[in-house]
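So the sequence shown is numbered by this note's numbering: it starts at 16 and just counts up by one. Yeah, the Cβ is synthetic: ideal placement off N, Cα and C, and Gly gets one too. Below is one structure; the comments refer to it alone.
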Amino acid sequence: MNFLKNLFGGGGGQGDGRSIVLYVQPKMCKEIVEVRVDLMNGPSMTDDGKGYYMRKLASATRCPFQAEIELFFDKGKKLQDKQITNGTFMTEEDYLAQEAERA
Numbered sequence: 016m017n018f019l020k021n022l023f024g025g026g027g028g029q030g031d032g033r034s035i036v037l038y039v040q041p042k043m044c045k046e047i048v049e050v051r052v053d054l055m056n057g058p059s060m061t062d063d064g065k066g067y068y069m070r071k072l073a074s075a076t077r078c079p080f081q082a083e084i085e086l087f088f089d090k091g092k093k094l095q096d097k098q099i100t101n102g103t104f105m106t107e108e109d110y111l112a113q114e115a116e117r118a
């Protein structure tokens with residue numbers, strides 16, 4: 016599991032086996048957003064049938080900009096690659112630090 020985290024960088028964690036959690040900071044926003052991906056209903060099979068693909072938009076509460084997230088999965092719906100446009104993937108630690116500051 017650490018191999019994938021090192022390969023793809025921070026910003027992802029396993030949820031309950033049915034979902035994964037990503038942490039995203041949209042471009043020009045200070046807020047880090049928690050994005051949950053439902054693996055059972057979200058990804059669509061690719062045209063070549065070799066895996067799954069999903070696109071999500073993430074926006075912060077106090078910021079008008081959206082980050083576009085593209086996720087690529089294998090046939091077993093294991094995350095293989097992730098890309099982001101107009102944003103940055105963050106770590107769970109970054110998100111928790113932000114939440115602690117708010118409290």
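| Item | Value |
| --- | --- |
| CB contact flag (Phe88, Gly66, <8 Å) | yes |
| Own chain, CB closer than 8 Å to Arg33, minus 5 neighbours either side, in chain order | Asp53, Leu54 and Met55 |
| Sequence-distant residues of its chain with Cβ nearer than 8 Å to Glu46 (five each side left out) | Gln40, Ala75, Thr76, Arg77, Cys78 and Gln113 |
| Proximity to Leu72 [Cα-Cα], best of Gln95, Asp63, Thr100 and Thr61 | Thr100 |
| Contacting residues, own chain, Cβ-Cβ under 7 Å from Glu49 (five flanking each side not counted) | Val36, Tyr38 and Tyr110 |
| Bounding residues of the beta strand (DSSP E) (the contiguous stretch that carries Asp53) | Val48 to Asp53 |
| Whole-number beta carbon distance between Met43 and Ser59, since they are thought to touch under 8 Å | Actually they do not touch by this definition, with Cβ atoms about 30 Å apart. |
| Backbone CA spacing between Lys92 and Gln98 [nearest angstrom] | 16 Å |
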